[in-house]
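Q: Residue numbers (our numbering): 6 to 361.
We treat Cβ as the ideally placed atom computed from N, Cα and C, and that holds for glycine.
The structure's right below; bear with me while I get my questions together.
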């Protein structure tokens, strides 16, 4: 293939473009492997613009491996609040604890050892090794697979996990051993800014090497089978306040969706009962002042929540599994986006003199 015959030209074209055009991102101003690890975990399934302020706050709060290893999980979740995919940060903290306890606070510098850490998969391992330590290792994500699907006219389905190995082998064949950091970041940057799902081929620094471009097939690649249809679940959510102005909350289980995050009482809307009837039947508390709040959809990777939220006042004590919290306490609890939407709406309604 032309690309493999012209490796040096390809590397030079990619690296010179990257050095000239790369975005100024905070994690690119450091070679600290811990900071790079944090950024790579945050960037999984999350847009760069969204990640930047979270990254900066997180690093300020937990500037060292030890700071994160010793932090309370609830404090860590609070710093991740709104980013979603909360298992990422729980695994990150677990992995950091392993580094501190088993590796003397030194992140391993080879794929075998770093891959033993909780939550560190092939991509994260390769990214940290190449960017922080200059080790020539592949770091293949969706962007990189899209780039090479087009460059080499690879028609294997990138949604099938076993096909990732094809792209890992390609990267290892082509990687610049003198500067694997810029090579891998250049591929990521190319996929994120130029070789996007709607490619901007005329701006591409490596289009001369691209078989799909020369054959006019760039729009049809990569091959990616569609995900199974997402399930939609209608839900009721109830913001319940007692006469002292405290809010009824519960913590989700420590495993599963939105693990350990705090939420208002929520339940599936089966269509059998009205919200008021449902509340009385299932929570068994006396309520008054029932009113509608907001309705919204929240999309997860595999399902959609259609939420109807309501505000009510309760005169009874909290049920088993629930606790009442002051407004300031609720503000401090880690909450997922579906709950944050309700909370932001509630804060508009809470009289300033009752916020504490």
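1. Compare the C-alpha of residue 316 against each of 352, 336, 159 and 206 and name the closest.
2. Examine the Cβ distances between the segment 321-341 and the segment 247-255 and report whether three or more of them are shorter than 8 Å.
3. Just how far apart, CA to CA, sit residue 111 and residue 12?
4. Can you tell me where the beta strand (DSSP E) holding residue 32 begins and where it ends?
5. Return yes when the Cβ of residue 321 is within less than 9 Å of the Cβ of residue 228, no when it is not.
6. With residue 216 and residue 204 assumed to form a contact (beta carbons below 8 Å), what rounded beta-carbon distance in angstroms separates them?
7. Are the beta-carbon atoms belonging to residue 254 and residue 267 less than 9 Å from one another?
8. Quick check: the Cα distance between residue 299 and residue 288, rounded to an integer number of angstroms?
9. What does the alpha-carbon distance come out to for the pair residue 19 and residue 232?
10. Any idea if residue 62 is buried or exposed, counting beta-carbon neighbours within 10 angstroms, 16 or more meaning buried?
11. Answer with buried or exposed for residue 358, where buried requires no fewer than 16 other C-beta atoms within 10 angstroms of its C-beta.
12. Where does residue 358 sit, in a helix, a strand or coil, going by DSSP?
13. What span of residues does the alpha helix (DSSP H) with residue 38 cover, start to end?
14. Do residue 245 and residue 270 have their C-beta atoms closer together than 9 Å?
15. When we look at the beta-carbon of residue 50 and count the other beta-carbons within 10 Å, is it buried (16 or more) or exposed?
16. DSSP three-state call for residue 156: helix, strand or coil?
17. Taking just the CA atoms, how far does residue 303 sit from residue 165?
18. Could you check where the beta strand (DSSP E) with residue 311 kicks off and where it finishes?
19. Is it the case that the Cβ atoms of residue 126 and residue 196 are separated by a distance below 9 Å?
20. Just verifying my parser: in three-state terms, what is the DSSP assignment at residue 294?
21. Apart from the five residues on each side of it in sequence, which residues of its chain come closer than 6 Å, Cβ to Cβ, to residue 141?
22. With residue 185 as the anchor, note down where its alpha helix (DSSP H) starts and where it stops.
23. Use the C-beta contact count for residue 52: other C-beta atoms within 10 angstroms, 16 or more gives buried, fewer gives exposed.
24. Buried or exposed: residue 193, going by 16 or more other Cβ atoms within 10 Å of its Cβ?
A: A quick look at the data gives this:
1. Numbered from 1 along the chain shown, position 311 holds the residue referred to as residue 316. When only C-alpha atoms are compared, the closest one is 352.
2. yes
3. Residue mapping note: residue 111 aligns to position 106 of the chain shown, counting from 1. Residue mapping note: residue 12 aligns to position 7 of the chain shown, counting from 1. Their Cα atoms are separated by approximately 34 Å.
4. Taking the chain shown and counting its residues from 1, the one referred to as residue 32 is at position 27. No beta strand (DSSP E) contains residue 32, which DSSP labels as neither H nor E.
5. Walking along the chain shown from the start, residue 228 turns up at place 223. Walking along the chain shown from the start, residue 321 turns up at place 316. Contact flag unset, no.
6. As a first step, residue 216 is located in the chain shown; it is residue number 211 there, counting from the start. As a first step, residue 204 is located in the chain shown; it is residue number 199 there, counting from the start. No, residue 216 and residue 204 are not in contact; Cβ-Cβ is about 13 Å, not under 8 Å.
7. The residue you call residue 254 lines up with position 249 of the chain shown. The residue you call residue 267 lines up with position 262 of the chain shown. Contact: yes.
8. On the chain shown, residue 299 is found 294 positions in, with the first residue counted as 1. On the chain shown, residue 288 is found 283 positions in, with the first residue counted as 1. Taking the straight line from one Cα to the other gives about 21 Å.
9. One-based indexing of the chain shown puts residue 19 at position 14. One-based indexing of the chain shown puts residue 232 at position 227. Cα to Cα, the separation comes out at about 32 Å.
10. On the chain shown, position 57 is the one that residue 62 refers to. Residue 62 should be labelled exposed.
11. Here residue 358 refers to the residue found at position 353 of the chain shown. The pLDDT assigned to residue 358 is 41, lower than 50, so where the model puts this residue is not dependable, and the model offers no usable value.
12. The count along the chain shown starts at 1 and reaches residue 358 at position 353. Low local confidence applies: a pLDDT of 41 at residue 358 is under 50, so the model's placement there is unreliable, and no value is given.
13. What you label residue 38 is simply residue 33 of the chain shown in a count that begins at 1. Unbroken alpha helix (DSSP H) run through residue 38: 38-48.
14. Here residue 245 corresponds to residue number 240 of the chain shown, with the count starting at 1. Here residue 270 corresponds to residue number 265 of the chain shown, with the count starting at 1. Yes, they are a contact pair.
15. Position 45 of the chain shown, counting from 1, holds the residue named residue 50. Its Cβ having fewer than 16 others within 10 Å, residue 50 is exposed.
16. Here residue 156 refers to the residue found at position 151 when the chain shown is read from its first residue. Helix.
17. On the chain shown, residue 165 is found 160 positions in, with the first residue counted as 1. On the chain shown, residue 303 is found 298 positions in, with the first residue counted as 1. Residue 165 and residue 303: Cα-Cα distance of roughly 26 Å.
18. Translated into the one-based positions of the chain shown, residue 311 becomes position 306. First-last of the beta strand (DSSP E) with residue 311: 308-319.
19. Numbered from its first residue, the chain shown carries residue 126 at position 121. Numbered from its first residue, the chain shown carries residue 196 at position 191. Contact flag unset, no.
20. Numbered from 1 along the chain shown, position 289 holds the residue referred to as residue 294. In this structure, residue 294 counts as strand in the three-state DSSP scheme.
21. Here residue 141 corresponds to residue number 136 of the chain shown, with the count starting at 1. Result list for residue 141: 180, 182 and 185, in chain order.
22. Translated into positions along the chain shown, residue 185 becomes position 180. 185-198 is the span of the alpha helix (DSSP H), which, as asked, contains residue 185.
23. Numbered from its first residue, the chain shown carries residue 52 at position 47. Residue 52 comes out exposed.
24. Locating residue 193 in the chain shown gives position 188, counting from the first residue. Classification for residue 193: buried.
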